[in-house]
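In this note's numbering, the protein residues as written are 21 to 413.
Below, the structure written as structure tokens:
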């Protein structure tokens, strides 16, 4: 089925993409052992400068190959770290530039097949799209409507932009058609600027959008605090909620007894404002807790945006944390893979405020959602704490 789908989609490349395989086979041969070894040497390169000398030699080997080697080099990016991917990409660019200077045809069919195989690295596929766009722009862009849900965010963004352009063009005279195009783009969009453009377009046409539902923000929480964070020492200090989440408990806080209270967000972009129940405090720690329920076990990502210090626990296990303050926040700033259990899952977020008093340091908030690897909210998902209870943590 997949092979048939790829074959059908490749036909849309048109006559310009129908490069004869005999031309490709007539290209200069390369030593397979040398190619494989060179790829392995580049894949082994690390950010700590280990393997750089061997990688430089391997890069020369790869850059000397014919166009036949390009698909294998691209496929090797699937298992390469970001630094190694850059080296491999550079070798492909060198090969194609040299062959272009020698008036040799671009290996369009193998590149097109690679592009359409979503099992390959998103970065590598986006790179191939750019290569093909330079010489086969119209034909390659005809593939974009089939990439609205592509795992490559770059390709998805390009596909959505195509739909947006169509919607804008129709908004003046074909309002219903424009609204449908906007709604189609909205179901697939992940970048805030595109989402805002879609929402604006729909609003102009008289349609409302439910952004919290679209993003899947976790809006219902329990919060407790403040605890002490004088001299920023609270980030590493273990306060009672880290040992056990007991929503009926009373704790010794920074200035007196503290208890869990409800905290909900109605913000379109899911911002949970800890200042609302606790006040505009400094040098303090707060904890936010919620439960999420799903029907089946599945892999997922916790996607967090936060400008202050934070730690996050999922089902009692510390996932990650950042001891930084006021560095800026954005949607899906931190992406953390987790495994959802069928039924109840717990999330505990620790939030810090430091000693700075400037107006721009007062904000004490975060945003969190649970998605798949492409940023689509997990559904059905139910979030919030239905009643006071004790949950081991």
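Yeah, the Cβ is synthetic: ideal placement off N, Cα and C, and Gly gets one too.
- Of the candidates 269, 83, 311, 178, 311 places its Cα closest to the Cα of residue 239.
- In the structure shown, residue 366 adopts extended strand secondary structure according to DSSP, grouped into three states.
- Sequence-distant Cβ neighbours of residue 317 in its own chain, meaning closer than 8 Å and more than five residues away, are 359, 360, 361, 362.
- Per the coordinates, the alpha-carbon of residue 209 lies some 15 Å from the alpha-carbon of residue 199.
- If you compare the alpha carbons of 120, 72, 108 with that of residue 154, the shortest gap goes to 120.
- Assignment of beta strand (DSSP E) within the stretch 217-274, counting only whole runs of 3 or more residues, yields 240-248, 270-272 in chain order.
- By the criterion of at least three beta-carbon pairs nearer than 8 Å, the stretch 301-315 is not in contact with the stretch 337-356.
- Per DSSP, reduced to three states, the secondary structure at residue 195 is helical.
- Non-local C-beta neighbours of residue 175 in its own chain, meaning closer than 7 Å and more than five positions away in sequence, comprise 145, 146, 149, 167, ordered along the chain.
- With a beta-carbon spacing of about 12 Å, residue 197 and residue 221 fall beyond the 8 Å limit used to define contacts.
- Taking residue 371 as reference, the option from 182, 192, 143, 244 with the minimal CA-CA separation is 244.
- Distance between residue 161 and residue 74, taken at the CA atoms: about 38 Å.
- The three-state secondary structure of residue 176, taken from DSSP, is helix.
- The shortest C-alpha to C-alpha distance from residue 389 to any of 234, 178, 101, 294 is the one to 234.
- For residue 278, the closest C-alpha among the options 242, 228, 255, 288 is that of 242.
- Note on residue 230: under 16 other CB atoms within 10 angstroms of its CB, so exposed under the neighbour-count rule.
- The beta carbons of residue 108 and residue 62 sit closer together than 7 Å.
- For the pair residue 287 and residue 323, the CB atoms are not nearer than the 7 Å cut-off.
- Residue environment analysis places residue 374 among the buried positions, since at least 16 neighbouring C-beta atoms fall within 10 angstroms of its C-beta.
- If you draw a straight line from the Cα of residue 348 to the Cα of residue 333, it is about 22 Å long.
- Judged by DSSP secondary structure, residue 77 falls outside any beta strand (DSSP E) and instead within the alpha helix (DSSP H) spanning 72-83.
- Below 8 Å, too few C-beta pairs join the stretch 291-302 and the stretch 260-273 to call them touching: fewer than three.
- The shortest CA-to-CA distance from residue 132 to any of 397, 164, 114, 111 is the one to 164.
- Counting only unbroken stretches of 4 or more residues, the alpha helix (DSSP H) elements lying wholly within the stretch 277-356 are 295-298, in sequence order.
- Residue 111 counts as buried, since no fewer than 16 other beta carbons sit within 10 angstroms of its beta carbon.
- With 16 or more other CB atoms across the displayed protein chains lying within 10 angstroms of its CB, residue 273 is buried.
- The beta carbons of residue 346 and residue 327 sit closer together than 7 Å.
- The three-state reading of DSSP puts residue 387 in strand, counting E and B together.
- Take residue 301, set aside five residues on each side of it, and the residues of its chain with a beta-carbon closer than 7 Å to its own are 246, 373, in chain order.
- Taken through DSSP and simplified to helix, strand or coil, residue 118 comes out as helix.
- Of all alpha-carbon atoms in 284, 189, 159, the one lying nearest the alpha-carbon of residue 404 is that of 284.
- Counting only residues of its own chain and dropping the five nearest sequence neighbours on each side, residue 259 has a CB closer than 6 Å to the CB of 247.
- Rounded to whole angstroms, residue 82 and residue 143 show a C-alpha spacing of 19 Å.
- Contact annotation: residue 281 and residue 297 have beta-carbon atoms nearer than 7 Å.
- Contact between residue 138 and residue 103 is ruled out by a C-beta separation of about 24 Å, above the 8 Å threshold.
- Take the alpha-carbon of residue 99 and the one of residue 93: they are about 11 Å apart.
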